[in-house]
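These protein sequences, in sequence, are chains A and B.
Numbering (this note's numbering) for the first sequence: 532 to 780.
Numbering (this note's numbering) for the second sequence: 532 to 780.
Where a beta carbon is used, it is the ideal one built from N, C-alpha and C, also for glycine.
Protein chains: 2
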Amino acid sequence: MKVGELVERSGVPLPTVKFYLREGLLPAGEATGRNQAAYGEEHLRRLRVIRALVDVGGLPITAVREILRAADDPDQAGHDVRGLAHFNLARPTRTDRSTAQWRSARVDALALVRAKGWNVHEESVWLDQLADAMAALRALGHEDILGLMDHYVASAEQLAGPEVAVVMAQPDRPSMVESVVTGTLLGEAMFVALHRMAQEDASSRFDPSGRPPADQAGVGAGVAERVPTAAETPAATKHRPPATYQARE
Amino acid sequence: MKVGELVERSGVPLPTVKFYLREGLLPAGEATGRNQAAYGEEHLRRLRVIRALVDVGGLPITAVREILRAADDPDQAGHDVRGLAHFNLARPTRTDRSTAQWRSARVDALALVRAKGWNVHEESVWLDQLADAMAALRALGHEDILGLMDHYVASAEQLAGPEVAVVMAQPDRPSMVESVVTGTLLGEAMFVALHRMAQEDASSRFDPSGRPPADQAGVGAGVAERVPTAAETPAATKHRPPATYQARE
DNA sequence: GATAGCGGATAGTGTCACTATCCATCTGAA
DNA sequence: TTCAGATGGATAGTGACACTATCCGCTATC
């Protein structure tokens with residue numbers, strides 16, 4: 532396959548393919564002459580992986596390079612597959628982590644996962660990112676959302692098991708690395724989309740007469756006592772505007 | 532409060548504060564002279580909201596401006612609070628949505644939420660983003676992850692109820708808008724961090740000899756087998772309290 | 001043997017979120 | 001009263017990022 536076909540089948544423009552080759556994201560094709568090279572199906576696949584990670588997952592090019600490097604090296608001893616791939620999924624820090632509030636949140640984050648008994652390294656970047664969010668919520672006085680922490684933990688735990696099972700079912704190490712990354716990133720992308728739609732749905736079902744239904748009131752305390760679902764709410768009005776909340780006074 | 536104090540208390544550098552003022556993210560202070568203005572606590576809070584949305588949530592400035600505009604306008608008739616705020620949380624499209632594969636994924640995404648009976652607009656950007664992820668997974672042959680869809684749906688549904696309850700408990704409309712955004716964005720940031728730690732934990736518990744331990748298998752098979760959908764599961768089992776998942780060992 | 005495609009190299013583009021200066025004016029402590 | 005330092009307003013510059021555009025000399029192919 533020559534580059535033109537690669538371009539056509541992948542939908543990635545030629546200058547971009549060249550860019551990926553330059554940046555080492557895409558391995559060079561097999562040289563068949565001074566000016567010609569042949570690409571295989573693996574190049575096409577690699578190109579799709581890159582686009583998925585960049586376009587859907589929002590990863591920076593440098594992170595993609597690191598991840599693909601790891602995936603390419605089948606016997607890179609002494610590293611946890613997941614840790615290696617995962618590390619590169621972290622977003623660069625933009626928050627100020629030197630404040631007392633942040634450190635306090637970080638301590639709480641660690642205590643939280645320790646209480647859950649999770650096997651997580653004390654220095655994990657995810658603990659930092661969890662602390663980022665917790666500190667921000669506290670600074671804004673949104674402890675009410677922190678009160679939902681158990682829900683988030685439960686959901687995260689619920690998803691992780693099956694996901695890891697899928698990854699572990701991969702036949703070889705490169706496939707596992709790719710599976711970790713695509714699974715984590717694209718799985719989360721799906722989750723985020725679903726989550727926001729679920730919110731819109733739950734929002735639209737909220738009783739517009741002014742007060743939340745009794746079962747809703749209890750939600751904050753227990754775990755989501757009950758949100759009536761579409762199946763139970765026949766002919767739910769589509770996208771009802773929350774008239775109740777439009778008028779402030 | 533003068534700008535110097537605002538800078539000191541918020542930790543945001545002066546040029547950045549000026550930038551936010553220029554961009555209309557931060558309302559001007561009350562003029563007390565030709566060259567002086569006074570800022571209040573609400574400016575400090577606004578600054579914190581901006582930093583949370585930009586730094587932790589990763590939103591572009593333009594989206595923040597739109598959101599804050601909506602939050603500022605207490606009687607903006609005819610708009611769904613959530614829809615309005617939500618819309619601006621969407622990431623700009625980078626994927627090619629003109630392919631047959633994408634359209635097919637988009638159809639499936641719509642069918643999925645329709646089957647759930649969710650009240651979601653047919654044109655929702657979240658359906659598009661869901662289709663992005665689904666199409667990418669399919670193109671990569673990762674149908675195995677799509678097989679976990681029910682888990683993602685269940686988790687999304689589980690979280691949405693309590694979250695909406697928190698939002699609806701806000702006293703006024705601006706607070707609700709802010710709560711929607713910070714709750715969605717920062718809540719998801721927490722979830723992502725927890726999710727990845729949960730994966731590392733589940734990964735570390737995976738029996739290296741090849742098969743998952745018994746309790747892990749239960750998670751992988753039992754839950755994976757079937758996530759009871761909201762519609763078919765009686766209230767009792769739905770939204771099972773997190774207690775179930777806390778004691779792992 | 002023309003012409004389209006190829007690889008390799010270099011330079012340019014557009015966006016984004018700041019960041020840096022300059023200037024004239026004003027404040028507040030000495 | 002004086003004057004260093006802060007302030008508001010305006011304009012321009014920066015650095016990261018992910019491409020995108022050209023140019024060149026060579027080559028495959030019709």
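{"Check": "Straight-line Cα distance separating Pro558 of chain B from Ala569 of chain B", "Outcome": "11 Å"}
{"Check": "Buried versus exposed call for Pro693 of chain B [16 or more other C-beta atoms within 10 Å across all chains shown]", "Outcome": "buried"}
{"Check": "Beta-carbon separation (whole angstroms), Ala601 of chain A vs Gln632 of chain A, contact threshold 8 Å", "Outcome": "35 Å between Cβ atoms; not a contact."}
{"Check": "Cβ pair Leu690 of chain B, Leu717 of chain A closer than 7 Å", "Outcome": "no"}
{"Check": "Three-state secondary structure assigned by DSSP to Glu597 of chain A", "Outcome": "helix"}
{"Check": "Test: Met532 of chain B CB closer than 7 Å to a CB of chain A", "Outcome": "no"}
{"Check": "Residue closest to Arg645 of chain B, alpha-carbon to alpha-carbon, out of A:Gly560, A:Gly542, A:Ala636, A:Ala729", "Outcome": "A:Ala729"}
{"Check": "Residue(s) in a DSSP beta bridge with Ala568 of chain B", "Outcome": "B:Ala562"}
{"Check": "Proximal chain A residues relative to Phe737 of chain B, where beta-carbon distance stays under 7 Å", "Outcome": "Val695, Met699"}
{"Check": "Assigned exposure category for Tyr567 of chain B - 16 Cβ within 10 Å defines buried", "Outcome": "The sequence given here has Gln at residue 567 of chain B, not Tyr. The residue is exposed, with fewer than 16 neighbouring Cβ atoms inside 10 Å."}
{"Check": "Chain A residues whose Cβ lies nearer than 8 Å to that of Tyr683 of chain B", "Outcome": "Leu690, Gly718, Met721, Phe722, Leu725"}
{"Check": "Same chain, Cβ closer than 6 Å to Lys533 of chain A, five either side skipped, listed in chain order", "Outcome": "none"}
{"Check": "Any C-beta of chain B under 7 Å from that of Gly560 of chain A", "Outcome": "no"}
{"Check": "CB contact check: Pro759 of chain B to chain A, cutoff 7 Å", "Outcome": "With a pLDDT of 38 at Pro759 of chain B, under the threshold of 50, the predicted position of this residue should be treated as unreliable, though the coordinate-derived value follows. No - not a single Cβ of chain A is within 7 Å of the one on Pro759 of chain B."}
{"Check": "Chain-ordered chain B contacts of Leu679 of chain A [CB-CB under 8 Å]", "Outcome": "Leu690, Pro693, Glu694, Val697, Gly718"}
{"Check": "Cβ contact (3+ pairs, closer than 8 Å) linking the stretch 648-657 of chain A and the stretch 644-660 of chain B", "Outcome": "no"}
{"Check": "Residue from A:Thr563, A:Asp604, A:Met680, A:Glu539 whose Cα sits closest to the Cα of Arg704 of chain A", "Outcome": "A:Asp604"}
{"Check": "Ala640 of chain A versus A:Leu725, A:Asp659, A:Asp627, A:Arg577, residue with shortest Cα-Cα distance", "Outcome": "A:Asp659"}
{"Check": "Contact under 7 Å by Cβ, Ala720 of chain A with Leu725 of chain B", "Outcome": "no"}
{"Check": "Residue burial classification, Ala562 of chain A (beta-carbon count within 10 angstroms, cutoff 16)", "Outcome": "exposed"}
{"Check": "The alpha helix (DSSP H) enclosing Trp657 of chain B, as first and last residue numbers", "Outcome": "656-670"}
{"Check": "The stretch 651-675 of chain A: positions lying closer than 9 Å to chain B by Cβ", "Outcome": "Val651, His652, Ser655, Val656, Trp657, Leu658, Asp659, Gln660, Leu661, Ala662, Asp663, Ala664, Met665, Ala666, Ala667, Leu668, Ala670, Leu671, Gly672, His673, Asp675"}
{"Check": "Contacts around Ala670 of chain B, its chain only, beta-carbon distance under 8 Å, and the 5 residues preceding and following it disregarded", "Outcome": "Gln632"}
{"Check": "The alpha helix (DSSP H) enclosing Ser541 of chain B, as first and last residue numbers", "Outcome": "534-541"}
{"Check": "Spatially closest choice to Ala621 of chain B from B:Ser629, B:Glu536, B:Met680, B:Ile592, by CA coordinates", "Outcome": "B:Ile592"}
{"Check": "Simplified DSSP assignment, three categories, for Thr781 of chain A", "Outcome": "Chain A is shown only over 532 to 780; residue 781 of chain A falls outside these bounds and no answer can be derived."}
{"Check": "Counted within 10 angstroms of its Cβ, other Cβ atoms place Ser710 of chain B as buried (16 or more) or exposed", "Outcome": "buried"}
{"Check": "Assigned secondary structure, Gln701 of chain A (DSSP; H/G/I helix, E/B strand, else coil)", "Outcome": "coil"}
{"Check": "Proximity to Val548 of chain A [Cα-Cα], best of A:Arg582, A:Arg565, A:Gly564", "Outcome": "A:Arg582"}
{"Check": "Same chain only: Cβ atoms within 6 Å of Ala594 of chain A, ignoring 5 sequence neighbours per side", "Outcome": "Asn619"}
{"Check": "Interface flag, Trp649 of chain A vs chain B, CB-CB below 7 Å", "Outcome": "yes"}
{"Check": "Ser541 of chain A versus Ser706 of chain A - alpha carbon distance", "Outcome": "20 Å"}
{"Check": "Contacts that Ala733 of chain A makes with chain B (C-beta to C-beta distance below 7 Å)", "Outcome": "Ala691, Gly692, Val695"}
{"Check": "Between the CA atoms of Arg727 of chain A and Ala662 of chain B - distance to the nearest angstrom", "Outcome": "14 Å"}
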